[in-house]
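The block underneath contains the structure these notes are about, expressed in structure tokens.
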Amino acid sequence: MRAMLVPVMIVLSMACGALAEDCGACKPGKVCPTHEGLDDAAIKEATALARDKDFQKRREAVDKLSAAAAKHLNARSKKITNELVKLLSDQEALVKGYAAEALGAGGDEPTAAQALAAEAGKFDKVLGTEKPSKDDELKKWEEATRLASSIFTGLGKLTTQPGAAAAIERGIRSSSPWVGKLAAENSKGFKKSKLVGRALVDMLANYFAKNATDATSAAWTAISMALPEVTGCNDIATQKDGSDAPRWNAEWQKWWRANEKGMK
């Protein structure tokens, strides 16, 4: 495989700049009365904003919900999460993307993982294997790529959730190398995950066996960067260039066969 291209990661910033906090009075599964009231007020404001025809107002609804959620991350609100899930169905990709990242950062984790996993499976055919050449089609493709990036960014924050790991694994194995790239980029927090690690190693071999394209090169690079993070292995010398790809792939396959049982 010839020299791999270094991918540029597209990441939407968090919709809310509020400082993330824990609350001593809030307990897992039980938000304290003070924050319960503040959550209800945020939901009331967000509900009105979410009905607005202006997508910037609907994006502001995500801001309100995110700010409330960030005040008690040790007790994630299902009510706030349900409102963010509704915004994940917005017709505007920017609003959907903000909601996706907010769900990963502050949503009730099982609920967020389920909602984001359902969205993540929609991009295989949309992103495909090659970028469109026509300007209007390319614009739509780039918008879909940004949204997919936000979906996988949200999933990548939910590292304790089996559903999120499964969605990341499916993304890495996607028929679209562009989806595989985004999933691999957001797999790094799934430390020692056998499911995710196996997908990375398998797809490294898969892309090694194919002719290099911009898409497969981007996926290869993302997978190569994720492998040491997920597996905890830093003993394999970094790939120098395209001519070093056979050695890089072979050493990872060998390492995985010897160490897979140590993954969880």
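Residue 258 in my numbering is what sits at position 15 of the sequence shown, and the numbering runs on without skipping anything. Beta carbons: idealized from backbone N, C-alpha and C, even for Gly. Predicted model, so just to flag it, every value in this text is computed and none were measured.
Between which two residues does the alpha helix (DSSP H) holding residue i run?
| i | result |
| --- | --- |
| Q357 | E352 to A363 |
| E446 | Contrary to the premise, residue 446 reads as Met rather than Glu in this sequence. M446 -> alpha helix (DSSP H) spans K437 to F451. |
| Q496 | A488 to N502 |
| A480 | Looking at the DSSP string, A480 is not in any alpha helix (DSSP H), and its letter there is neither H nor E. |
| L346 | A336 to G349 |
| N325 | K321 to L330 |
| A426 | P420 to E428 |
| K368 | D367 to L370 |
Check whether the Cβ atoms of residue i and residue j lie closer than 8 Å to each other.
| i | j | result |
| --- | --- | --- |
| K374 | W384 | yes |
| A407 | A356 | yes |
| Q404 | P353 | yes |
| L327 | A342 | yes |
| L331 | K307 | no |
| K322 | I286 | yes |
| A410 | A360 | yes |
| G347 | G399 | yes |
| L381 | E412 | no |
| N492 | F433 | no |
| G414 | A363 | yes |
| P420 | T481 | no |
Note down, in chain order, each residue of its chain lying with its Cβ closer than 8 Å to the Cβ of residue i, except the 5 sequence neighbours on either side.
| i | result |
| --- | --- |
| A469 | A427, E428, S430, K431 and L443 |
| N502 | T474 and C476 |
| L281 | A311 and K314 |
| D283 | K322 |
| C269 | C275, H278, H315, N317 and A318 |
| L370 | W384, A387, T388, A391, S419, W421 and V422 |
Excluding the 5 residues flanking residue i on each side, which residues of the same chain have their C-beta closer than 6 Å to its C-beta?
| i | result |
| --- | --- |
| S393 | L255, G340, A343 and E344 |
| E472 | K431 |
| S418 | D367 |
| G440 | V473, T474 and M506 |
Leaving aside the five residues before and after residue i along the sequence, list all residues of the same chain whose C-beta is less than 7 Å from its C-beta, in chain order.
| i | result |
| --- | --- |
| G349 | S309, A312, A313, L316 and R319 |
| A289 | A304, K307, L308 and E326 |
| V249 | Below a pLDDT of 50, predicted positions are generally treated as unreliable, and V249, at 32, falls in that range; no measurement from the model is reported. |
| Q496 | V444 and A448 |
| D295 | R301 |
| A358 | V328, L331 and L346 |
| W498 | C476 and I479 |
| T402 | G432 and F433 |
| N454 | none |
Which complete alpha helix (DSSP H) runs does the segment 257-317 hold, if anything under 4 residues is left out?
Qualifying alpha helix (DSSP H) stretches, in chain order: 276-293 and 298-312.
Whether or not the segment 443-461 and the segment 423-435 are in contact is what I'm after, with contact meaning three or more pairs of Cβ atoms, one per stretch, closer than 8 Å; do they touch?
Enough Cβ pairs lie closer than 8 Å, so yes.
Using 8 Å as the threshold, is the segment 384-396 in touch with the segment 336-355, meaning 3 or more CB pairs across them?
Output reads yes: the segment 336-355 touches the segment 384-396.
At which residue ranges does the segment 374-407 contain complete alpha helix (DSSP H) runs of 4 or more residues, listed in the order of the chain?
Taking 4 residues as the minimum length, the alpha helix (DSSP H) runs contained wholly in the segment 374-407 are 378-399, in order along the chain.
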